[in-house]
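Residue numbers (our numbering): 163 to 728.
Read the structure below first, then the notes.
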Amino acid sequence: PFSNKVPTKFTANVNLENNQVKYSDMPPATVKSGSLIITEMGIEQANITGEWLGGPASIKSDPTIKRALTFNGKADFGKFGQLALTKNDPTSLEIKKKLSGLMTYQGKLFKQEQKSTVEIEFDLKNASIDLPRPLNKPLGIPMPGKATITSNSANKSEFGFDRFQSKGISKNGKIEKHGVSLGNLTASLPTSGTGIVFDVDTLQGDEWAKILGADSNKPNSNKSAKTAEGPIQMTGISTIKGKAKHLIIADRDISDFSVVATHEGDFWVAKVDSPFVAGQFKWQSANLSLPSGELTAKLSKLIIPDEETNDALTKGLQSTSTRIPKLDISSDQFVIGKRNFGSLSIQATGEIDTWHLDSLKIKNPNGDLSAIGIWKMPKAGDPGHTDLKVDINATHLGQLMDSLGNAKAIDDGQGKLEGNISWQGAPYAFDKKTLSGDISFVATKGKLLKVDPGAAKLLGLLSFQSLFRLATFNVEGGIGDAVTEGTYFDKISATANLRRGVARTEDFELISSLAKINMRGRANLNNETQDLRVTIYPKISLASTSLAAFYFVNPIVGLSTLVGQF
Numbered sequence: 163p164f165s166n167k168v169p170t171k172f173t174a175n176v177n178l179e180n181n182q183v184k185y186s187d188m189p190p191a192t193v194k195s196g197s198l199i200i201t202e203m204g205i206e207q208a209n210i211t212g213e214w215l216g217g218p219a220s221i222k223s224d225p226t227i228k229r230a231l232t233f234n235g236k237a238d239f240g241k242f243g244q245l246a247l248t249k250n251d252p253t254s255l256e257i258k259k260k261l262s263g264l265m266t267y268q269g270k271l272f273k274q275e276q277k278s279t280v281e282i283e284f285d286l287k288n289a290s291i292d293l294p295r296p297l298n299k300p301l302g303i304p305m306p307g308k309a310t311i312t313s314n315s316a317n318k319s320e321f322g323f324d325r326f327q328s329k330g331i332s333k334n335g336k337i338e339k340h341g342v343s344l345g346n347l348t349a350s351l352p353t354s355g356t357g358i359v360f361d362v363d364t365l366q367g368d369e370w371a372k373i374l375g376a377d378s379n380k381p382n383s384n385k386s387a388k389t390a391e392g393p394i395q396m397t398g399i400s401t402i403k404g405k406a407k408h409l410i411i412a413d414r415d416i417s418d419f420s421v422v423a424t425h426e427g428d429f430w431v432a433k434v435d436s437p438f439v440a441g442q443f444k445w446q447s448a449n450l451s452l453p454s455g456e457l458t459a460k461l462s463k464l465i466i467p468d469e470e471t472n473d474a475l476t477k478g479l480q481s482t483s484t485r486i487p488k489l490d491i492s493s494d495q496f497v498i499g500k501r502n503f504g505s506l507s508i509q510a511t512g513e514i515d516t517w518h519l520d521s522l523k524i525k526n527p528n529g530d531l532s533a534i535g536i537w538k539m540p541k542a543g544d545p546g547h548t549d550l551k552v553d554i555n556a557t558h559l560g561q562l563m564d565s566l567g568n569a570k571a572i573d574d575g576q577g578k579l580e581g582n583i584s585w586q587g588a589p590y591a592f593d594k595k596t597l598s599g600d601i602s603f604v605a606t607k608g609k610l611l612k613v614d615p616g617a618a619k620l621l622g623l624l625s626f627q628s629l630f631r632l633a634t635f636n637v638e639g640g641i642g643d644a645v646t647e648g649t650y651f652d653k654i655s656a657t658a659n660l661r662r663g664v665a666r667t668e669d670f671e672l673i674s675s676l677a678k679i680n681m682r683g684r685a686n687l688n689n690e691t692q693d694l695r696v697t698i699y700p701k702i703s704l705a706s707t708s709l710a711a712f713y714f715v716n717p718i719v720g721l722s723t724l725v726g727q728f
């Protein structure tokens, strides 16, 4: 009777043939044939064969452990991914596409002290993983792994391959804590959320950004903090800590990269260290007031090797949204190639198809640069457009030009350049062929230097060396002293108009103790040709070597030279 306190005992012998087994949201399994012996204590004996996840599967009693089961089989690895990953999460959907081939598995299920445990061993030799490094795996290479799942009031799971480990605790179908490790580390549980640690040779940051940012282009997207529907709902990433010998980002290989990052609410805070960039980053996810998010960075250094810099930046931006986040970036050291610009500060805001440079400031021991402007981003058939207002103040003009990698045509001196310039394309992809605008320049109290003619450009616009060669040409009358190497000047000034890479000036003027020089004409920056008209007004001194020689050797020639020069 049901009211009897003595437990009822029973034995059921069940024979199965062509059955389907369905549990929760898991894919159904087919039982081709088999038998079960079930008592009030559980399954005493089992011998079942069938199919599950696209491959053969079998379940048998474990002869070494009472009421324990062993199982083995082969599964379609892509279908296994659909089981293990959440259903509708965009990142999971991208990862599922990268899994293919067959996975072999074997394991056991047993119960001890009110606790059920599943132990599984995998081998992915006949499967492939088309994910970025370090999680890529070609077909045919062995990749053994194992998992342990313990079920009680707080379910625990451990899962791992030779390059990937996972450890977690779930309650009521939701993961509360989840630790993931990549490479040469052991997974550990964080205090909350999902914690990722890694120590790998190569981390393909560009490719992972595409996968992890599958829905990042949507305003108000914050998938890290959301859960997604599935067998087990995932929890957001809370911490990332790791290092990589090679980080591939913006198509560039950054060596010896390390990061420590934490996530809370809408904010990521990270400390990054590498030979090229080091400092603190803060990222705020997109919301209604910040449709593209905001990136704040305080760096000790930002070094950009100049090999293919423009192409790398272009590819990096083309792989992201047309929206660029709001920026507030500063760096104590800003270097491009061999050019040390000094300290950098940038504030910028982004809109759809337009980027506003609110403030750009570079402070160098030899001078300062400031700029504001806009970038109309590329559209179909339109390469975009950059407009800038630039202001440069040099306290040591020659040293500033030298530190920026230009030929040092001037020593000492102070200078100022200001103007409005524009070109077709992005701010970082300067295009001389479409360069247009108006600029003015003035320099005072410096010294002219003799340099290689092919290297020296007057502020990248006009040629000092051409002027030098012209002014020192020893024509009859001896004007060679007008401008010589080491000549001190009081002032150099000019305004210039630029149209599609051709600069025109009507008022270039150089004033020194030896002469005043005026120049007008044009310089073509694209084919490096010049068409200039130069007028030289020497300041005569009877101590001038050439004048004295002409005067005393031939008084008539000397006198006529003197009159002509005046």
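Even for Gly, the Cβ is constructed at its ideal location relative to N, Cα and C.
Residue i, enclosing alpha helix (DSSP H) - first and last residue
| i | result |
| --- | --- |
| residue 232 | From DSSP, residue 232 is part of no alpha helix (DSSP H) but of the beta strand (DSSP E) over 231–238. |
| residue 667 | Residue 667 -> not in any alpha helix (DSSP H); beta strand (DSSP E) instead, spanning 664–674. |
| residue 256 | 252–258 |
| residue 559 | 559–565 |
Residue i, DSSP secondary structure in three states
| i | result |
| --- | --- |
| residue 658 | strand |
| residue 269 | strand |
| residue 227 | coil |
| residue 276 | coil |
| residue 429 | strand |
| residue 681 | strand |
| residue 356 | strand |
| residue 179 | strand |
| residue 171 | coil |
| residue 455 | coil |
| residue 515 | coil |
| residue 687 | coil |
| residue 500 | coil |
| residue 486 | coil |
| residue 419 | strand |
| residue 292 | coil |
| residue 303 | coil |
| residue 165 | coil |
Candidates the options, of which the one nearest residue i by Cα
| i | options | result |
| --- | --- | --- |
| residue 680 | 689, 691, 668, 688 | 668 |
| residue 280 | 197, 555, 317 | 317 |
| residue 441 | 285, 581, 492 | 492 |
| residue 368 | 402, 415, 685, 552 | 415 |
| residue 687 | 602, 597, 657 | 597 |
| residue 398 | 404, 325, 429, 454 | 429 |
| residue 678 | 359, 260, 665, 650 | 650 |
| residue 562 | 534, 587, 530 | 530 |
| residue 683 | 665, 699, 690 | 665 |
| residue 322 | 496, 303, 346, 336 | 346 |
| residue 343 | 289, 327, 171 | 327 |
| residue 169 | 446, 591, 201, 452 | 201 |
| residue 608 | 504, 455, 282, 557 | 557 |
Buried/exposed call for residue i, threshold 16 Cβ in 10 Å
| i | result |
| --- | --- |
| residue 242 | buried |
| residue 620 | Summary for residue 620: the model assigns pLDDT 38, below 50, so the residue's position carries little reliability; its value from the coordinates is reported in the next sentence. Per the 10 Å Cβ criterion, buried. |
| residue 362 | buried |
| residue 292 | exposed |
| residue 339 | buried |
| residue 325 | buried |
| residue 670 | buried |
| residue 514 | exposed |
| residue 225 | exposed |
| residue 554 | buried |
| residue 526 | buried |
| residue 238 | buried |
| residue 731 | Outside the shown range of the chain (163 to 728) lies residue 731, about which nothing can therefore be said. |
| residue 174 | exposed |
Short CB-CB distance (under 9 Å) between residue i and chain D
| i | result |
| --- | --- |
| residue 423 | Given the protein chain composition of this structure (a single chain), no chain D is represented. |
Boundaries of the beta strand (DSSP E) in which residue i is found, first to last residue
| i | result |
| --- | --- |
| residue 313 | 306–313 |
| residue 196 | 191–201 |
| residue 448 | First-last for residue 448: undefined, no H or E at that position. |
| residue 328 | 326–333 |
| residue 602 | 598–610 |
| residue 528 | Element bounds for residue 528: n/a, residue is neither H nor E. |
| residue 317 | 317–323 |
| residue 209 | 204–214 |
| residue 402 | 399–411 |
| residue 343 | 336–345 |
| residue 574 | 572–586 |
Complete beta strand (DSSP E) runs within the region 531–557 (minimum length 3 residues, chain order) | Within the region 531–557, the beta strand (DSSP E) runs of at least 3 residues that lie entirely inside it are, in chain order, 547–556.
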